[in-house]
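I have placed the structure first, in the form of structure tokens, so that the comments after it can refer back to it.
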Amino acid sequence: MTATTTRMPAADWRDFFALTKPRVMSLVIFTGLCGLLAAPGAVHPVIGFVAVLCIALGAGGAATLNQWWEADLDAGMKRTAGRPIPAGRLARTDARDFGVALSVGSVLLMGLAVNWLAAVILAISIVYYALVYTVWLKPRTPQNIVIGGGAGAFPPMIGWVAVTNDITAMPILLFAIIFMWTPPHFWALALFVQSDYAKVGIPMMPVVKGERSTRRQILIYSLLLLPLALAPWLIGGTGLIYGAAAAVLTVLFVLLSLPVAFRESQADDRMRPEKRLFGYSVLYLFALFAALVADRMAQTQGWIA
Numbered sequence: 000m001t002a003t004t005t006r007m008p009a010a011d012w013r014d015f016f017a018l019t020k021p022r023v024m025s026l027v028i029f030t031g032l033c034g035l036l037a038a039p040g041a042v043h044p045v046i047g048f049v050a051v052l053c054i055a056l057g058a059g060g061a062a063t064l065n066q067w068w069e070a071d072l073d074a075g076m077k078r079t080a081g082r083p084i085p086a087g088r089l090a091r092t093d094a095r096d097f098g099v100a101l102s103v104g105s106v107l108l109m110g111l112a113v114n115w116l117a118a119v120i121l122a123i124s125i126v127y128y129a130l131v132y133t134v135w136l137k138p139r140t141p142q143n144i145v146i147g148g149g150a151g152a153f154p155p156m157i158g159w160v161a162v163t164n165d166i167t168a169m170p171i172l173l174f175a176i177i178f179m180w181t182p183p184h185f186w187a188l189a190l191f192v193q194s195d196y197a198k199v200g201i202p203m204m205p206v207v208k209g210e211r212s213t214r215r216q217i218l219i220y221s222l223l224l225l226p227l228a229l230a231p232w233l234i235g236g237t238g239l240i241y242g243a244a245a246a247v248l249t250v251l252f253v254l255l256s257l258p259v260a261f262r263e264s265q266a267d268d269r270m271r272p273e274k275r276l277f278g279y280s281v282l283y284l285f286a287l288f289a290a291l292v293a294d295r296m297a298q299t300q301g302w303i304a
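For the sequence shown, numbering that gives the first Met the number 0 begins at 0 and goes up steadily by one.
So this is what it looks like as structure tokens:
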């Protein structure tokens, strides 16, 4: 990596905000909040707010460090060339310092204001994304998304542990659901931006193993997601509201993965099955975790047994 040596104008606050990947962060914040709200027990609203804030800051710090490290790669891809560092709006060293400050600050605040178990898990999630995934896995193996999926799976676990200060089966299952959701979600995107990854030498699955293999694996992971999504209900950790929602939402996920899996060419139809699956996969996670919270609220209020 080469450090930026040219003099740059002062960065706008919006460039720093863009480094945190706000669209991705919205999903991170939401699943973290849902983990907190669905956990048994109660937490003071201020402590709960601080916990979610720390999850957001930690995710933003990890995303910033990701962009700092990958600035040269981002410059070579159409999808990411407009980001603050490759576009020349922000010095690379400023991004690095900002990312470190967010990461360290979020962990310390979580530990001091909430509990240290949640802080440790937050620290692991940051290191996992910024170092294990970004530096090690992503440039070396087509399994980068499979293994690296753990980075985005931590928020609901952190939210849960912020309330309980304990790790039980339920937060582990919430982690596992997002872990299994990540490959079909991201590979659906990778199928229609694979030329970008190929151009900069990132070994994403469609680039290395080809479209056919990637499409089949999207279906396999979608099928594996079904029992995992139902597991919180099957073990008695949730009620019927979540169980019914998980069944309907995940069956639809599998159905949308079928035309992707058995499609031979991306040349026609402008990748519509892939884009539909990618768009739905985002909605899926929001809806699934919203159902988790609704189920918890219904049980707390005594609406269901």
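Note that beta-carbon positions come from the ideal geometry of N, C-alpha and C, so glycine has one too.
Beta-carbon proximity list for residue i, same chain, < 7 Å, skipping 5 on both sides
i, result
"Thr1", "Confidence at Thr1 is low in this model, with a pLDDT of 45, below 50, so the placement of that residue should be treated as unreliable; the coordinate-derived value is given next. Around Thr1: no qualifying Cβ."
"Tyr127", "Gly149 and Ala150"
"Ala122", "Val106"
"Leu255", "Arg275, Leu276 and Tyr279"
"Leu192", "Leu is not the amino acid found at residue 192; the sequence shown has Val there. Arg78."
"Ser221", "Pro183, Phe252, Val253 and Ser256"
Three-state secondary structure (DSSP) of residue i
i, result
"Thr19", "coil"
"Met203", "coil"
"Arg337", "A query on residue 337 cannot be resolved here, the shown segment of the chain reaching from 0 to 304 and no further."
"Gly278", "helix"
"Gln216", "helix"
"Phe288", "helix"
"His184", "helix"
"Gly93", "The question names Gly, yet the displayed sequence has Asp at residue 93. Three-state DSSP puts Asp93 in a helix."
"Val45", "helix"
"Glu210", "helix"
"Lys137", "coil"
"Ala228", "helix"
"Gly235", "coil"
"Asn143", "helix"
"Thr4", "Legend: pLDDT at Thr4 = 46, less than 50; position of this residue unreliable, value from coordinates given subsequently. Coil at Thr4, not helix or strand."
Cβ shell of residue i (< 6 Å), same chain only, five flanking positions each side left out
i, result
"Met203", "Ala189 and Tyr196"
"Ala309", "Residue 309 falls outside the range modelled here, since the chain spans only 0 to 304, and no answer is possible."
"Phe288", "Thr30 and Cys33"
"Ala61", "Ile125, Tyr128 and Ala129"
Buried versus exposed, by CB contacts within 10 Å (16 or more), residue i
i, result
"Ile234", "exposed"
"Ser194", "exposed"
"Lys77", "exposed"
"Ser212", "exposed"
"Asp294", "buried"
"Gly57", "buried"
"Gly81", "exposed"
"His43", "exposed"
"Ala129", "buried"
"Lys137", "buried"
"Leu276", "buried"
"Arg271", "exposed"
"Phe261", "exposed"
Whole-number beta carbon distance between residue j and residue i, since they are thought to touch under 8 Å
i, j, result
"Gly236", "Met169", "5 Å"
"Leu229", "Gly242", "7 Å"
"Pro83", "Leu18", "6 Å"
"Val160", "Ala117", "5 Å"
Heavy atom of the ligand GTP within 7 Å of residue i beta-carbon
i, result
"Val27", "The ligand GTP is not among the ligands present in this structure, which contains no ligands whatsoever."
Contacting residues, own chain, Cβ-Cβ under 8 Å from residue i (five flanking each side not counted)
i, result
"Ile28", "Val51, Ile54, Ala55, Ala58 and Pro154"
"Met156", "Gly34, Ile120, Ile166, Pro170, Ile171, Leu173 and Phe174"
"Thr307", "Only positions 0 to 304 of the chain appear in the structure, and residue 307 is not among them; the question remains open."
Residue-level contact to chain C via CB, residue i, 8 Å cutoff
i, result
"Ala100", "Absent from the structure: chain C. Only one protein chain is present."
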